[in-house]
Amino acid sequence: MASNYQAPRGTFDILPAAGHARRRIEATASQVFARAGYEPIATPIFEDTELFERGVGRSTDIVRKEMFSFEDKGGRGITLRPEGTAPICRAYLEHGMHKLAQPVKLSYGGPFFRHERPQAGRFRQFHQLGVEAIGTDSPLADAEAIMLLSDLLGELGVPGVELRLGSLGSPAARSAYLEELKAHLRAHEAELSKDVRERIEINPLRAFDADDEGTQGVMASAPTLVERLDGDDADHFAEVRGLLEAAGVAYAVAPTLVRGLDYYTRTIFSFVCPELGAQSEVGGGGRYDGLIEQLGGPPTPAIGWATGVERVLLALGEQDEAASRDAFLAVADPGQRKRALALVSELRNAGLSAELDLAERSLKGQLKHADRIGAARVLILEADGTAQLRDMRSGEQRPVEAGALIEAIGGERG
Ligand code: HAM
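26 is the number of the first residue of the sequence shown in this note's numbering; add one for each residue after it.
Here you go:
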C-alpha cells in the first residue's frame, strides 16, 4: 500500500524494530554523561542563519553548500542546525553561563541537518550525541573529553575504533604554517593534480587528502602543522598527550588531521572505524578557544565533541530486533476486560511490561496475537474470576491465585 509520498532524500523513518538499538545508545550516553557531570542542554532545531555563518565559518563546505536555510514569515534568515556547538555557545552567552563556576559542562543529543550527497553513513537528517566543556583551556579538559568519548564508544561495544589526535595550534601559528605550506605547494606546482593546484590559495590543507600519486609525492615532504607547533601550543599538545597516555587511552598522532569546521584551535581528534569505509568517522571534535568571542562574548576557551548515532549503529552492525513482553493479559470472557485493564496497569506499575488485547479478539485470537508480539507468558482471566498462567514457550498452563498474579509473572521473568 505505497502512498504517493516518500521520506525526503537523505532522510529515513526510524521504525520500531530499529528504535530499540537507538534507545539503548541514548540511554548509555545519558549515563556516561551524568556520571561525568555533563548536564543536559537542548537548543532549538533552527537558529538564525548568521549564527552558523559566523560560528562554523563562511568558507566551510557546511556553510557554503550544505545548510537547509530559508526565510521565515517574518523575513528572518533561518537555518536548520547543521551542528550543535555554535548554538550551545549562543545559549551559554544568552543565559549568562559565563557567570557560573567554570567550566560549564554540557551534553546534548538530537537531529542535525546537512544537505550532503547521501551515501552509507551520510544523511541529510542525522543524529548526534555530544558534549561541550566551556570555560577552561586546561589540557585536563581535552583529555577528559577525549576519554569520555572513548569510554562511551567502549561501553556501547563499538569494535575496531582508532583515535587520531592532532593540534591546529593558535590561529596565528596556523596562518604562518599555511603560508609555508602554500610556498611548498607552489614550489612543486607541476607535480600537483589540477584540482589541488587550483586550490593552493583557497584550501592548501586539502592537498593532504589527494589520491593522485603526484600530489601524494609532494605531500610526503610537506611540512605539517604538528611539527611547527611551538611555545604554549606545543606545551599544550604535549600535556594532552601525556594525560591520555597516563589514562591509558591509545591514540595515534595524525599530523595532517583537519576538520570541516573553522572554529577549531589547538587539540582536534577523530575516532574512526576504518571498516566503515568512506564515512569512517564515528565521532570527533576539538578545542574552540575563539568561538565564543567570535559570537560577541568574552574570550572563553572550550572543548567538545559529537558522535554520529547512525555511524555508531553501522559500526555495531545493529540488527533490527523484536520487542518482548513479560506478559499478555487475555480474557476468556468479555466480562473480564475491565479487570484486565486494571491488572495491566498494576503490572506496569510493578515495572513489568504487559499488554492486553485492544481489538476485542476471541481467546484463540488473543493467544495468537500474544505469540506474535513476543509475550513470554499469557495470563488468561476466566469468567468465574480465576486465572490461568500460560508459558508461551512450553505451552504449559497452571492456575494462579488472584492475590498472587504479580508475583507469579514477576517471579518467572527472565
Ligand atoms: P562533525 O565532525 O561535523 O563535528 O560531526 C560529528 C559527527 O557527526 C561525525 O563524526 C559523524 O559521526 C557525524 N556526522 C556528521 N555529518 C553526518 C552526516 N551527514 N550523516 C551522518 N552522520 C554525520 C561537529 O558537528 C562538531 N559540532 C563537533 C564538536 C563539538 N566539536 C566541538 N564540540
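Note that CB positions come from ideal geometry on N, CA and C, so glycine has one too.
- With contacts defined by Cβ atoms closer than 8 Å, residue 183 and residue 337 form a contacting pair.
- Annotation: residue 54 to residue 307 spans about 14 Å, alpha carbon to alpha carbon.
- The stretch 206–219 makes no contact with the stretch 182–198: fewer than 3 CB pairs, one atom from each, lie closer than 8 Å.
- When beta bridges are read from the DSSP output, residue 306 appears opposite 297.
- Under DSSP, residue 332 shares a beta bridge with 154, 308.
- Residue 283 has its alpha-carbon roughly 9 Å from the corresponding atom of residue 231.
- Around the beta carbon of residue 344, fewer than 16 other beta carbons sit within 10 angstroms, so the residue counts as exposed.
- Relative to the non-hydrogen atoms of the ligand HAM, the Cβ of residue 320 never comes closer than 7 Å to any of them.
- Counting only runs of 3 or more residues that sit fully inside the stretch 172–248, the beta strand (DSSP E) segments are 187–192, in chain order.
- Contact between residue 66 and residue 145 fails: their C-beta atoms lie close to 31 Å from each other, not under 8 Å.
- Relative to the ligand HAM, residue 311 has its C-beta within less than 7 Å of a heavy atom.
- When DSSP states are grouped into helix, strand and coil, residue 370 belongs to the helix group.
- Look at residue 268 here: in three-state DSSP terms it is helix.
- Under DSSP, the beta-bridge partners assigned to residue 327 are 159.
- Across the structure, residue 163 and residue 173 are spaced so that their CA atoms are roughly 16 Å apart.
- If you draw a straight line from the Cα of residue 113 to the Cα of residue 68, it is about 7 Å long.
- Cα atoms of residue 379 and residue 57: separation of roughly 29 Å, rounded to the nearest angstrom.
- DSSP places residue 94 in the strand class (E or B) of the three-state scheme.
- DSSP places residue 103 within a strand segment (E or B) once states are collapsed to three.
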